[in-house]
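Participant:
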Amino acid sequence: MNEAAIPRIQSKDSPAMSGSSQPMVRFHNLRKSYGAVEVLKGIDLEVSSGQVVALIGRSGSGKSTALRCVNGLERFQAGELHVCGYDLSAKDLNLRNLRQDVGIVFQSYNLFPHLTVEQNVTLAPRKVKGVGHTEARELAKEVLAQVGLSDKVDAYPEQLSGGQQQRVAIARSLAMKPKLMLFDEVTSALDPELTGEVLRTIERLAADGMTMMLVTHEMAFARSVADQVVFMHQGRVWEAGPGDMLLDPQTVELRQFVGSGL
Amino acid sequence: MLGLTIQQIAYIFQGAGWTIILSLLGFVGGTVLGLPIALARSSNSKALRVASSLLVQFIQGVPLPVIMFVVYFGISIGGFEVPALVAAGLAMTLYSGAYLGEIWKGCIQAVPKTQWEAAECLALTPAQRFVYVVLPQALRIAIPPTVGFMVQIVKNTSYAVVINFFDLTYSAKVINNSTFMPFTVFTLAAAIYFAICFPMSVLAQRYERKLHRS
Ligand SMILES: Nc1ncnc2c1ncn2[C@@H]1O[C@H](COP(=O)(O)OP(=O)(O)OP(=O)(O)O)[C@@H](O)[C@H]1O
Ligand SMILES: [Mg+2]
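Those protein sequence lines, which keep their order, are chains W and Z. Offset between the first sequence (1-based) and our numbering: plus 192. Offset between the second sequence (1-based) and our numbering: plus 565.
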C-alpha cells in the first residue's frame, strides 16, 4: 500500500536533471506530532528541480503540515528533510536563508494592509536583500506583470478583489526570486471566476519552469498542471503518481476521495 | 464677572495651565514607560512577560493619590527635596505607563498572527517583522483608545492636589477659600476640564468610526 508509493518522477520540462543531481526537496520518513498526536507518520517524497507536485487529500490528512515543514514554519520530530540544499534538521540551520529560496502563498493572502501593492512586493527585497529604490520599482513592475497586475502598483490591498490580492501575494513571493514556491489552497477562499485567474497565473509559472508544491482541491487543475500528484491520507503518502493516476486510483481511499463529488 | 475678579479668574486659568503641563508630562512619561511595557508584555520571553505583568498589576492595584504620596514622600525620605511637579510627573508617568502599556499590548496582539507569519516567510528578521509589518498596524488600532486614555490622564492629574501641586483643582480650591462661592468656582473649573477633554473625546470617537468603516 503506502510503502509502495515512493514517488520518483523526473520533470518532463527539465531534461537537464540527471540522476546524479540532488532533488530540490527530499522528505525521508518524516514524522511530526502535535503533542501526543502524530499527524505526519513517515513521509517520503521527492521534488526535482522544475517539477510541479500537487498534494491532495481529505481535510486533516496533513497536507498543510507537510508543506509548512518545507519552509521551516513547522519543526518535525523524526526523519529527514532537505530543501534547496539545506538540511532542515540541522542545529545550525539558517531559516532566513532558507526562506529566501522558498516562497509560500496562503489561502488567506496575508497581504500587508497598510502598504500599497508595490510596497508589499518590495518590502522584503529592500529590507532583506538591500535592493535599492529604483531597482525595487523595476522588480515590482516585473513581478506584477508576471501576475497580470501592472496597473495596480499604487493600490492598497483592500481596493482589490480576492483574486487580485492573491496574485499580489504570489508576486510578493516571486520578488524574492525563490527557487521553490509553496501554495496552500490558494484558491479556496475565492469565487469560481476568480479561482480561474489565479490558477492561470500558477500555470504560467509552471510553464516558466518554477518548481512548486501545491495543496489544492481543484482536481482537474492538479491533473493538468502537476508532474506528480500525491494523495495524502491519515498523515501518510497513500498514493502518488502522474496526474492520470486520478483516473485510475489504486487504493480504495483515493477512489472514494476522487469519487466524492469532485 | 461671575462675581469673581479678573485676577481670581486669571489665577484659576493659571492652574489650568499647570494641569495641561502635568498632563503632557504624564503622557510623554507614560509613553516612554508604556512602550517597553507593551513590548515586554507581548514578548516571547516568559520572564519578561511575568515581570512586566507584575509591575502593571502592582501599579494598577494602588490608587493614584496613594502613588502620589508614595513618590512625593518617598523621594524626600531619601533626603532629596523635590518640587511637587516632579513628584506628580513621576506618579503620572507610573500610572499612565501601566495603563498605556496594557492598551498597546492589546493593540499589538490585535494584529493577526498571520501577519507575523507572512513577514517571517519573507525572511524578515524578528525586529523587521515588528517595525515594518506589525507596528504600523498596531498604531492605527491604538489611536482611539490612546486618545481616550489621554482624557483619563487630564482628569486624574487633579489627584496631584493631595501633594499640594498647583493645578486647576488646587487653584479653584484656593479661590473658593477666599470667596466662599463654591458653586461658581467649581463650575468654572469643571467647564475648563471639560473644554480640555471634550475635543479629545470627539477626536477619538471620530477616528474610531473611521476605522470601523474601512
Ligand atoms: N497547530 C496545531 N496544533 C495541533 N494540531 C494541529 C495543528 N495544526 C494542525 N493540527 C492537526 O494536524 C492534522 C493535520 O492538519 P493539516 O492542517 O496539515 O491538514 P490538511 O490536510 O492541510 O487539512 P485541510 O484540508 O483542512 O487544510 C489535523 O488533524 C489537525 O487538526
Ligand atoms: Mg490545510
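Don't be surprised by glycine CBs; every beta carbon is placed ideally from N, CA and C. On a predicted model such as this, the values are computed, not experimentally measured, just so you know.
Using DSSP's beta-bridge definition, name the partner residues of residue 224(W).
Facilitator: 232(W)
Participant: Taking Cβ-Cβ distances shorter than 8 Å, what residues in chain Z pair up with residue 216(W)?
Facilitator: Chain Z residues near residue 216(W): none, gap ~18 Å exceeds 8 Å.
Participant: Select from 293(W), 218(W), 418(W) and 389(W) the residue whose C-alpha is nearest the C-alpha of residue 399(W).
Facilitator: For the set 293(W), 218(W), 418(W) and 389(W), the Cα lying nearest the Cα of residue 399(W) is the one of 418(W).
Participant: Please report whether the beta-carbon of residue 295(W) lies at a distance below 9 Å from any beta-carbon of chain Z.
Facilitator: By this cut-off, residue 295(W) is an interface position.
Participant: Ligand 2 and residue 284(W): does any heavy atom of the ligand fall closer than 8 Å to the residue's C-beta?
Facilitator: no
Participant: Out of curiosity, what's the CA-to-CA distance linking residue 769(Z) and residue 322(W)?
Facilitator: So the two alpha carbons sit approximately 39 Å from each other.
Participant: Comparing the CB of residue 300(W) with every heavy atom of ligand 2, is any distance shorter than 8 Å?
Facilitator: no
Participant: Below 9 Å between beta carbons: does that hold for residue 591(Z) and residue 718(Z)?
Facilitator: Taking 9 Å as the Cβ cut-off, residue 591(Z) and residue 718(Z) qualify as a contacting pair.
Participant: Any residues whose CB sits closer than 5 Å to a heavy atom of ligand 1? List them in chain order?
Facilitator: 226(W), 231(W), 251(W), 252(W), 253(W), 254(W), 255(W), 256(W) and 257(W)
Participant: Let me see if you follow: with CB-CB separation under 9 Å, is residue 667(Z) close to chain W or not?
Facilitator: no
Participant: Looking at residue 297(W) and residue 372(W), is the spacing between their C-beta atoms short of 9 Å?
Facilitator: It is not a contact, given that the beta carbons lie outside the stated cut-off.
Participant: Hey, would you say the C-beta of residue 376(W) is under 8 Å away from at least one heavy atom of ligand 2?
Facilitator: In this structure, ligand 2 has a non-hydrogen atom nearer than 8 Å to the beta-carbon of residue 376(W).
Participant: Quick check: is any heavy atom of ligand 2 less than 8 Å from the C-beta of residue 429(W)?
Facilitator: no
Participant: Please find out if some non-hydrogen atom of ligand 2 comes closer than 8 Å to the beta-carbon of residue 407(W).
Facilitator: yes
Participant: What's the C-alpha gap between residue 454(W) and residue 410(W)?
Facilitator: Low confidence applies to residue 454(W): its pLDDT is 48, below 50, so where it sits in the model is not reliable enough to give any reading.
Participant: Less than 9 Å separating the beta-carbons of residue 270(W) and residue 221(W)?
Facilitator: yes
Participant: In or out: residue 248(W) buried (at least 16 other Cβ within 10 Å) or exposed?
Facilitator: Buried: at least 16 other Cβ atoms inside 10 Å.
Participant: Would you call the CB atoms of residue 600(Z) and residue 666(Z) closer than 9 Å?
Facilitator: yes
Participant: In terms of DSSP beta bridges, what is residue 423(W) paired with?
Facilitator: Under DSSP, residue 423(W) takes part in a beta bridge, and its partners are 248(W) and 431(W).
Participant: Can you tell me which of 261(W), 341(W) and 396(W) puts its alpha carbon nearest to the alpha carbon of residue 231(W)?
Facilitator: 261(W)
Participant: At the 9 Å Cβ level, is residue 368(W) part of the contact set with chain Z, yes or no?
Facilitator: yes
Participant: What did DSSP end up calling residue 306(W) once you bin it into helix, strand or coil?
Facilitator: coil
Participant: Closer than 8 Å by C-beta to residue 762(Z): which residues in its own chain qualify, once you throw out the five before and the five after it? Chain order, please.
Facilitator: 716, 719 and 720
Participant: Excluding the five sequence neighbours on either side, which residues of its own chain have a C-beta within less than 8 Å of the C-beta of residue 674(Z), listed in chain order?
Facilitator: 607
Participant: Please tell me whether residue 254(W) and residue 424(W) are closer than 9 Å, where the distance is taken between their beta carbons.
Facilitator: yes
Participant: Measure the beta-carbon distance from residue 314(W) to residue 328(W) and round it to whole angstroms, keeping in mind my assumption that it falls under 8 Å.
Facilitator: 4 Å
Participant: Anything in the region 311-337 of chain W with a Cβ closer than 8 Å to a Cβ of chain Z? List those residues in chain order, please.
Facilitator: 315, 316, 319 and 320
Participant: If we count the other Cβ atoms within 10 Å of its Cβ and call it buried at 16 or more, is residue 776(Z) buried or exposed?
Facilitator: exposed
Participant: Mapping DSSP to helix, strand and coil, what is residue 279(W)?
Facilitator: Reduced to three states, the DSSP call for residue 279(W) is strand.
Participant: Mind checking if residue 274(W) is an interface residue toward chain Z, Cβ cutoff 9 Å exclusive?
Facilitator: no
Participant: Given this structure, state the Cα-to-Cα distance separating residue 368(W) from residue 406(W), to the nearest angstrom.
Facilitator: 18 Å
Participant: One question on the structure: do residue 636(Z) and residue 652(Z) come within less than 9 Å of each other, judged by their Cβ atoms?
Facilitator: Contact: yes.
Participant: Pull up the CB-CB distance for residue 733(Z) and residue 632(Z), whole angstroms please, since I reckon it's below 8 Å.
Facilitator: About 20 Å separates the two Cβ atoms, so there is no contact after all.
Participant: So which residues of chain W does residue 705(Z) contact, with C-beta pairs closer than 8 Å?
Facilitator: 306
Participant: In or out: residue 767(Z) buried (at least 16 other Cβ within 10 Å) or exposed?
Facilitator: exposed
Participant: On the three-pair Cβ rule with 8 Å, is the region 721-741 of chain Z touching the region 567-583 of chain Z?
Facilitator: Result yes; three or more Cβ-Cβ pairs closer than 8 Å.
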